[in-house]
Amino acid sequence: MRIGFAIGSEELIATLETVKNSYNSYVMDSIALEVGTASVNDEEYFKECVNKVIATRERVRDELIALGFDVKKSATNFLFATHKEYSAKEIFEYLKTKKIFIRYFNVPRIDNYLRISIGTDEEMDKMIAAMKEFFNK
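Residues in the sequence shown are numbered consecutively from 131, following this note's numbering.
Written as structure tokens, this is what we have:
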């Protein structure tokens, strides 16, 4: 189950409400809303989850830098990275063949960057291993 939320002004939230289903095809049912609300209200659990994402993000950031990536600083649940020798599209296409899905945007200014969402440690280890395989081919 994946649950997200937004924090913003009343005007921003009202605007998001008008378009949310066009961007998010995974509409939450009542059970998901209950679970999501409970997890946010459980401050200890919420902090534990946030700290886990931060620790994984920083570990993966360090590993990407060691592989030759320039990785932008992040305070989010994703990393934005470009490689010094290989195009983002090449890396994206290779990872896709391994059923590892990251984001590649074929638009000016960010067309050589990858957006890498932070998953579980196991998922991130699999991605790093596939990248090492790509660079060593």
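Every residue gets a Cβ at the ideal spot worked out from N, C-alpha and C, and that includes glycine.
Spatial distance of residue i from residue j (CA atoms)
i	j	result
Lys228	Glu140	42 Å
Asn171	Ser247	24 Å
Val165	Glu178	16 Å
Ala259	Ser169	32 Å
Glu252	Leu146	33 Å
Rounded distance between the beta-carbons of residue j and residue i, thought under 8 Å
i	j	result
Phe265	Leu197	6 Å
6 Å CB neighbourhood of residue i in its chain, flanking five on each side removed
i	result
Val190	Met254
7 Å CB neighbourhood of residue i in its chain, flanking five on each side removed
i	result
Phe222	Ile232, Tyr234 and Leu244
Three-state class that DSSP yields for residue i in the structure shown
i	result
Ile232	coil
Arg245	strand
Phe89	Absent from the model: residue 89. The displayed extent of the chain is 131 to 267, so no value can be given.
Ala185	helix
Residues near residue i in its chain [Cβ-Cβ closer than 8 Å; skip 5 each side]
i	result
Thr212	Phe199, Asp200, Ala218, Asn242, Tyr243 and Leu244
Asn207	Val183, Arg187, Ser247 and Ile248
Beta-carbon proximity of residue i to residue j, cut-off 9 Å
i	j	result
Thr186	Thr250	yes
Ile137	Ala162	no
Leu209	Met261	no
Met257	Ile240	no
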